[in-house]
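K.L.:
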Amino acid sequence: MTPGGTDPNTTAPGGPAPGGMNRRGRSERVSGPGGFADTGPPGVVSGPESVVGSVDGRGAPGAGTSSARREPDGPVPGGADRRGWPGVVSGPESVVGSVDGRGAPGAGTPPARDASSGGAPTGGAEGAGEAGAGRNGAPRPAAPDRTGTDGAADPPAGWRAGDSFDRMWQDLAPLGRNPDTSGYRRHAWTPVDLELRAWFADRARERGLAVETDRNGNQWALLGDPAAGGVVATGSHLDSVPDGGAFDGPLGVVSALAALDELHRRGVRPRRPLAVVNFADEEGARFGLACVGSRLAVGALDPERARRLRDADGTTLASAMERAGHDPGAIGADPDRLGRLAAFVELHVEQGRALAASPDGGRAIGVGSAVWPHGRWRLDFRGEANHAGTTRLEDRRDPMLTYANTVLAARKKARLAGALAGFGRVRVEPNAVNAVPSLVSGWLDARAPDHACLDELVADIGRAAAERARRDGTVLEIHRESFTDGVDFDHALRDRLAAVLADPEGRPAPLLPTGAGHDAGILAAALPTAMLYVRNPTGVSHAPAEHATVEDRAAGVTALADVLEELSCR
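Just so you know, our numbering puts 476 at position 433 of the sequence shown, and the rest follows in order with no gaps.
(1) Which of the three DSSP states, helix, strand or coil, is assigned to A270?
(2) Note down the Cα distance separating V606 from V543, rounded to an integer number of angstroms.
(3) I need the straight-line Cα distance from G281 to R470, nearest angstrom please.
(4) Which runs of the alpha helix (DSSP H) spanning at least 4 residues fall entirely within the region 511–596, listed in chain order?
(5) Tell me, please, which residues DSSP counts as bridged to N477.
(6) Drop a sphere of 10 angstroms on the beta-carbon of N477, count the other beta-carbons inside from all chains shown, and report buried for 16 or more, exposed for fewer.
(7) Which class does R183 belong to by DSSP, given the choice of helix, strand or coil?
(8) Thinking C-beta only, is S412 closer than 8 Å to L575?
(9) So, at 7 Å on beta carbons, what are the nonlocal neighbours of H561 in its own chain, with the 5 sequence-adjacent residues on each side left out?
(10) Could you check what DSSP says for I408 in three-state terms: helix, strand or coil?
(11) Return the chain-ordered list of same chain residues with a C-beta closer than 8 Å to the C-beta of L381, the five sequence neighbours on each side being excluded.
(12) Below 8 Å between beta carbons: does that hold for S298 and V600?
(13) Buried or exposed: which applies to T494, given that a residue is buried once 16 or more other Cβ atoms fall within 10 Å of its Cβ?
(14) Are R266 and L294 touching if we call contact CB-CB under 8 Å?
(15) List in chain order: all unbroken alpha helix (DSSP H) runs of 4+ residues lying wholly within the region 431–470.
(16) Do the region 458–466 and the region 483–503 make contact, defined as three or more Cβ pairs closer than 8 Å?
(17) Would you list the residues sitting across from E325 in a DSSP beta bridge?
(18) Roughly how many whole angstroms lie between the Cα atoms of R219 and E255?
(19) Could you give the DSSP three-state label for F243: helix, strand or coil?
(20) What number of angstroms, rounded off, separates the C-alpha of V320 from the C-alpha of C612?
(21) If you check the beta carbons only, do R440 and T517 fall under 8 Å apart?
(22) Could you tell me which of V284, R511, A216 sits nearest to V450, measuring between CA atoms?
(23) For K456, does the count of other Cβ atoms within 10 angstroms reach 16, so buried, or fall short, so exposed?
(24) According to DSSP, is Q213 helix, strand or coil?
(25) Could you please give the first and the last residue of the uninterrupted alpha helix (DSSP H) stretch that includes D304?
(26) Could you tell me which of E365, A502, V235 sits nearest to G418, measuring between CA atoms?
(27) Go ahead and label E608 buried or exposed: buried means 16 or more other beta carbons lie within 10 angstroms of its beta carbon, across all protein chains shown.
(28) Is the region 479–486 touching the region 420–434 in the sense that three or more CB pairs, one from each, lie closer than 8 Å?
(29) Let me check understanding here. Comparing Cα to Cα, which of D379, R435, P547 lies closest to G273?
(30) Can you name the start and end residues of the beta strand (DSSP E) that H284 belongs to?
(31) Inspect the beta-carbon positions of L610 and A386 and report whether they are closer than 8 Å.
(32) As a quick exercise: from L398, D498, R513, pick the residue whose alpha carbon is nearest that of N448.
(33) How many angstroms separate the CA atom of L519 from the CA atom of D438?
(34) In whole angstroms, what is the alpha-carbon distance linking A602 and R539?
(35) Quick one: Cα of G409 to Cα of P442, how far?
(36) Decide if N259 is buried, meaning its Cβ has at least 16 other Cβ atoms within 10 Å, or exposed.
And the structure:
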């Protein structure tokens with residue numbers, strides 16, 4: 044059981060789900076959201092390898108991407124257009140305003156009347172433009188265009204934003220769960236990862252979304268024509284650290300799909316294309332480098348270096364990709380795809396207790412302000428192997444002693460610097476109980492408020508380790524394995540989201556910095572990005588005690604739907 048006596052994997056209440064979905068997340072009626080049959084749009088096969096269209100909109104896959112098949116021309120059931128949502132406007136004129144809130148149309152697009160003016164939006168959809176109480180009771184401008192005549196069944200009475208989330212969450216919960224620890228082992232390019240990818244594709248197709256896998260293994264579920272540009276994307280990742288919690292990553296993916304359900308329930312007709320993304324290998328648990336999928340996409344990771352990454356068994360990333368059916372020769376920067384994105388918003392469980400520990404403790408959702416610079420370093424301490432039962436203490440060259448003192452030094456140096464540092468992984472050779480080690484390798488994770496502080500922290504830890512090595516007769520080598528510079532999320536987008544999520548008194552959502560790395564932080568080098576955090580009452584992350592209450596999960600879905608409505612309709 045999780046804190047408060049709530050099991051995050053508890054079976055959802057019996058009975059039919061909203062829109063005719065059953066408790067396993069599959070449709071029980073002829074049509075789902077948007078009037079699609081439960082198998083997805085016509086012409087889409089159900090296997091994990093099927094892909095629809097291409098991001099460049101020319102009907103052929105981009106260089107190095109998986110082969111894609113087009114949907115057939117003509118209408119689909121329920122009166123929706125063939126890109127997966129009733130009434131979605133296609134073409135460049137569907138992009139209205141700008142995501143950064145400054146109101147200018149995207150480059151190369153004709154000026155379009157703002158949807159809040161009360162008439163029909165570009166493309167002829169009808170809707171009301173009345174002003175009134177906004178989200179969470181706060182005042183807001185006139186509403187975007189909506190309609191309730193899209194041919195889809197209305198949700199049952201009492202439907203709430205978290206209902207479809209709950210059913211998907213229950214369906215996802217067993218995949219990769221370790222029964223001995225209740226944690227998750229969802230590592231990249233393993234059989235469990237392939238199950239997760241199939242799960243994502245199935246849930247997306249049930250909603251009539253076009254699904255494709257890009258050159259770097261990231262999965263995209265598309266609503267509308269991405270060739271029009273101005274795509275508003277959301278999502279996160281499904282992989283985990285060893286025995287990690289249920290929420291880090293999956294909360295953002297499941298909430299993104301549920302937010303689309305909520306937009307459909309509201310009758311919202313997006314005027315920008317929408318996308319839900321499942322990024323590949325965010326945690327780096329298997330190959331030792333975090334955010335591989337997003338780093339490759341923005342060009343921050345050399346493809347050849349990525350292909351050479353090895354797991355603990357010596358398997359390279361290239362080999363693992365091949366076994367999973369993905370071409371490692373295709374990986375690399377993807378500027379065309381990213382260039383069509385107007386913004387990326389990632390919802391994530393809070394990794395800490397800032398929201399729960401706030402004076403009133405009443406805000407379930409926060410907005411990310413920044414990501415601290417952070418990195419991973421491997422420290423190799425070399426000594427002399429010897430017999431533990433016969434070698435005098437003064438004759439030993441014991442690298443374990445040097446390593447142990449360095450662990451303590453890292454804690455002290457981080458505390459004095461107002462930073463974070465620690466060793467979470469260690470490897471010992473020959474790793475025998477009755478032997479003095481010849482080699483101890485420890486992996487340092489260090490994070491700090493700014494680059495200069497982090498550099499000084501790691502240098503201080505290195506100096507302390509070197510001094511102890513001289514005393515112990517051991518040899519120290521330090522290797523930097525990864526580094527991610529600090530990120531200040533796009534200020535205009537950040538402030539816009541905080542205002543959208545204002546409380547009934549009009550107070551913006553709280554802004555939260557974090558020491559944790561995220562795909563949104565990597566993508567910030569290429570486009571405006573933002574993050575939403577869902578309150579975590581335990582403050583624990585990367586462990587089974589990681590948690591968000593049922594009520595806060597529903598609040599997260601509502602908040603993300605509010606944000607997507609704001610960015611795609613205004």
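Glycine included, every Cβ here is placed at the ideal spot set by N, Cα and C.
P.N.:
So, from the listed chains and residues:
(1) helix
(2) When rounded, the separation of the alpha-carbon atoms in V606 and V543 is 7 Å.
(3) Before going further, note that residue 281 is Leu rather than Gly in the sequence given. Looking at the two C-alpha atoms, the distance is approximately 27 Å.
(4) For the region 511–596, whole alpha helix (DSSP H) runs of length 4 or above, ordered along the chain, are 534–543, 562–566.
(5) N477 pairs with nothing; no bridge assigned.
(6) exposed
(7) Confidence in R183 is poor, its pLDDT being 40 and thus under 50, which makes the residue's placement unreliable; the coordinate value appears in the next sentence. Strand.
(8) no
(9) E389, H391, V414, M574
(10) strand
(11) A340, V341, L566, A569, L570
(12) yes
(13) Position check: residue 494 holds His in this sequence, whereas Thr was assumed. Label assigned to H494: exposed.
(14) A small fix is needed here, since residue 266 is Leu in this sequence, not Arg. Not a contact, by the Cβ cut-off of 8 Å.
(15) Within the region 431–470, the complete alpha helix (DSSP H) runs of at least 4 residues are 442–460.
(16) yes
(17) Paired residue(s): none; E325 is not in a bridge.
(18) It is worth fixing the name first, because residue 219 is Gly in this sequence and not Arg. Rounded to the nearest angstrom, the two C-alpha atoms are 23 Å apart.
(19) helix
(20) Rounded to whole angstroms, V320 to C612 spans 20 Å at the Cα level.
(21) yes
(22) R511
(23) K456 comes out buried.
(24) helix
(25) 293–309 is the span of the alpha helix (DSSP H), which, as asked, contains D304.
(26) A502
(27) buried
(28) yes
(29) D379
(30) The identity of residue 284 in the sequence shown is Val, whereas the question assumes His. Premise fails: V284 is in no beta strand (DSSP E) and is neither H nor E.
(31) yes
(32) R513
(33) A direct Cα-to-Cα measurement between L519 and D438 gives close to 19 Å.
(34) 13 Å
(35) 44 Å
(36) buried
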